[in-house]
Amino acid sequence: MNGRDLILSRVRAAIAGSPPPVTPTPAINRVWEGDREAMVERFLDRLRDYNVGVTRTSGTVAPALAGILAGRGIDRLAVPTDLPAEWRPDGVALVPDDNLPHGALNAIPGALTGAALAIAETGSIVLDGGAAQGRRALTLLPDYHLCVVRAEQLVGLVPEAIAALVPNRPITFCSGPSATADIELDRVVGVHGPRRLDVLFVG
Amino acid sequence: MSTNFPTRAADGLRNTQQRRNLAKATNTIRGKTAKVTAELPDWEALREAGKAIKREAHAKLDQYLLQLEEMVTKAGGHVHWAADAAEAREIIVRLTRQAGTDQVIKIKSMTTDEIELNPALEEAGIRPYETDLADMIVQMAKERPSHLLVPAIHKNRVEIRDLFRAEMGEHGTGLSDRPPDLTRAARAYLRQKFMETKVAISGANFAVAETGTVGVVESEGNGRMCLTLPQVLISIMGIEKVLPRFDDLSVFLQLLPRAATGERMNPYNSLWTGVHAGDGPCEFHLVLLDNGRSKILADEVARETLHCIRCSRCLNVCPVYERAGGHAYDSMYQGPIGAIVTPQLRGLEEAGSLPYASSLCGACHEVCPVKINIPQILVHLRGRVVREGHAGKGEALAMGVAARMFGNQGALDWSLWAGRLGQKLLMRDGTLPWLPPPLSGWTLSRDFPALPEQSFRDWWQKREDK
Chain A
1 MNGRDLILSR VRAAIAGSPP PVTPTPAINR VWEGDREAMV ERFLDRLRDY NVGVTRTSGT
61 VAPALAGILA GRGIDRLAVP TDLPAEWRPD GVALVPDDNL PHGALNAIPG ALTGAALAIA
121 ETGSIVLDGG AAQGRRALTL LPDYHLCVVR AEQLVGLVPE AIAALVPNRP ITFCSGPSAT
181 ADIELDRVVG VHGPRRLDVL FVG
Chain B
204 MSTNFPTRAA DGLRNTQQRR NLAKATNTIR GKTAKVTAEL PDWEALREAG KAIKREAHAK
264 LDQYLLQLEE MVTKAGGHVH WAADAAEARE IIVRLTRQAG TDQVIKIKSM TTDEIELNPA
324 LEEAGIRPYE TDLADMIVQM AKERPSHLLV PAIHKNRVEI RDLFRAEMGE HGTGLSDRPP
384 DLTRAARAYL RQKFMETKVA ISGANFAVAE TGTVGVVESE GNGRMCLTLP QVLISIMGIE
444 KVLPRFDDLS VFLQLLPRAA TGERMNPYNS LWTGVHAGDG PCEFHLVLLD NGRSKILADE
504 VARETLHCIR CSRCLNVCPV YERAGGHAYD SMYQGPIGAI VTPQLRGLEE AGSLPYASSL
564 CGACHEVCPV KINIPQILVH LRGRVVREGH AGKGEALAMG VAARMFGNQG ALDWSLWAGR
624 LGQKLLMRDG TLPWLPPPLS GWTLSRDFPA LPEQSFRDWW QKREDK
């Protein structure tokens, strides 16, 4: 018998005779119940808690991005090929990631992308390779990630995010920059991937 | 060699450095997990939901596995079935060879430890590089992990610095022992490996039957590197990890980080479905591993052992783990969950002492995010150890002697008199830290209370005489 048939027959024998469980799935919170502004505040607070640089603007995006980048001393960015025109900051060289070799991407100091959505309760940014996000390597190899989140992309809770995502896309949740506590439980921020994450919240 | 918990625990008890590290670690994590689990108003409902989903997944496990296979295949992936560790090793070695490479990068995976993959790869001339910081430390030191989540918790910064200086070539030269410097060195050392290695091997935290989506939850970004940059990705998962629906992730992505590291969300979660054109590996293999899990499923009391999501919260609240240390469990699964998983995977004959590695205080059951009744399963397994004749000979002998003694008043009185006389030589501060064999097995890991000067019967007798 091959492995597949063997495993399936063992599993079937193991569960034969036990009745299927009738436990009803208990109600868990599925939607944010507070008001919208409290949700935004929660999101920005959670980001700050992860040492993410947070900027909020209700105006045009490009000048706000230029300000953040000037503060970080970054003048060269890898960007997805479909970066919105109104996100192009002056004075910054933009390198479209048209399937760049990993080595080339690795040599660029930062990446600028949008997001699929964001979660207030956990301060997570969710990328799915959709509009203005590029492939996964784009937000992984450069040392710095600047992410634009628009107000209408923000949801309150994890279940709202799961319900909104398209399963067959490559999905990455980023909750702050990478971190480790493996050495004497001292938390060190910035292991692999971007060591610095900034978010521009628009709205 | 059999897993003898009492002997190994005695080593752990003597290791004061390790006890200090563990006390600090478990205390810190306990505080954080308590805070962030209390923060969610529906935490209890989430635990119930987690348990219910796992139960349902396991009650129809054959159907969900077949559905998972179908959906992964449809999305361009390949599914392999491994009935035991040997078959899993054979599949992974073959796939790596087919990719024409002699090195692989690995994401922290307990399942690959369980099947002892690394020695098999090395034997086949393939060098495995662990990329999780702690796993890399343990691998470089040629040791074994001592904690599910913080595998190198037994090593301090100076030991790690010396290791990096010896093993990391130019990246280790002149390195300090500050954790940020050590972490930077690991980043520089591994970056090249991430870029040049063609094959990555990972475990999986979940796989969704409905969509064929596989998920890995991590902190350091080494996971994203392995899942994204190589051409070939091989993921191995125990068959119990399957979830019925994509929506079930909304429960487990809340339970796992909060229970494991006390974070609202861990830094990175990756979810992928087969292969994605132009993004990530062009070849994806999912290896489904049984290796004793179907046997656990067949035991109706112990079945919920398979609910475990490997958060390690039970380790962090366990008084026995905190003192004995992870190596005492002689397994990649330590602590309370290890005490029930390992004997069931490896057999009671080999690991029959582990169900006794507990005071049955119940703290593990109280905090488990999927409500596994670990104490009940421990007691159930202890019963099986005795019934199936795997109890230690010394213990069986001692219990036999005790039964005869308690059945015979004269013998009991005599032995108590002899005991009171004999203990004078061994007593320290009212307890007996050492007893002669076969009772030494008991005092190896705990003190025995000294017999009182007078027995209750003697006292009663004298009171009656007055």
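Those protein sequence lines, which keep their order, are chains A and B.
Everything in the first sequence is counted per the working numbering, starting at 1 for the first residue and increasing by one.
Everything in the second sequence is counted per the working numbering, starting at 204 for the first residue and increasing by one.
Heads up, the beta-carbon is just placed ideally off N, CA and C, and yes, glycines get one too.
For chain B, find out if any of its Cβ atoms is closer than 8 angstroms to the Cβ of residue i; answer yes or no.
i      : result
A118/A : no
H102/A : yes
A111/A : no
R135/A : yes
D35/A  : no
R4/A   : yes
N51/A  : no
If we ignore side chains and look at the alpha-carbon of each, how far apart do residue i and residue j end up?
i      : j      : result
V11/A  : I318/B : 20 angstroms
C567/B : V523/B : 11 angstroms
T634/B : R217/B : 19 angstroms
N472/B : G418/B : 7 angstroms
L638/B : A542/B : 26 angstroms
P63/A  : V92/A  : 11 angstroms
L268/B : K257/B : 13 angstroms
G280/B : F409/B : 16 angstroms
G481/B : M398/B : 17 angstroms
D335/B : A407/B : 15 angstroms
K396/B : N99/A  : 20 angstroms
H488/B : A505/B : 30 angstroms
L225/B : H583/B : 29 angstroms
D384/B : E325/B : 30 angstroms
A527/B : C521/B : 10 angstroms
G176/A : D632/B : 53 angstroms
R42/A  : D316/B : 40 angstroms
With residue i as the anchor, note down where its beta strand (DSSP E) starts and where it stops.
i      : result
A78/A  : 76–79
I318/B : Here I318/B belongs to no beta strand (DSSP E), and DSSP marks it neither H nor E.
D482/B : D482/B -> no beta strand (DSSP E), and no H or E assigned at all.
E421/B : 416–421
L197/A : 196–202
W637/B : Element bounds for W637/B: n/a, residue is neither H nor E.
Using the rule of at least 16 other Cβ atoms within 10 Å of the residue's Cβ for burial, across every protein chain shown, is residue i buried or exposed?
i      : result
N576/B : buried
K254/B : buried
L628/B : exposed
L624/B : exposed
F659/B : exposed
D182/A : buried
K444/B : buried
K311/B : buried
Q133/A : buried
R211/B : buried
G613/B : exposed
W662/B : exposed
D338/B : buried
A38/A  : exposed
L94/A  : exposed
D5/A   : exposed
R187/A : exposed
T219/B : exposed
Locate the alpha helix (DSSP H) running through residue i, then write down its first and last residues.
i      : result
K309/B : Careful: K309/B lies outside any alpha helix (DSSP H), inside the beta strand (DSSP E) at 306–309.
F208/B : 208–217
Using a Cβ-Cβ distance under 8 angstroms, would residue i count as near chain A?
i      : result
P348/B : no
D316/B : no
H479/B : yes
F449/B : yes
M428/B : yes
E319/B : no
V353/B : yes
V589/B : no
A248/B : yes
I442/B : yes
R368/B : no
P383/B : yes
T414/B : yes
Among the options, whose alpha-carbon lies nearest the alpha-carbon of residue i?
i      : options                        : result
F208/B : T304/B, T299/B, A560/B, L249/B : A560/B
I442/B : I363/B, T210/B, V435/B, Q270/B : Q270/B
E569/B : R516/B, S534/B, H583/B         : R516/B
F455/B : V202/A, D35/A, G17/A, V158/A   : V158/A
S18/A  : L500/B, C571/B, Q657/B         : L500/B
For a contact defined as C-beta to C-beta under 9 angstroms, what are the partners of residue i on chain E?
i      : result
M398/B : The chain inventory of the structure shown lacks chain E, comprising the protein chains A and B.
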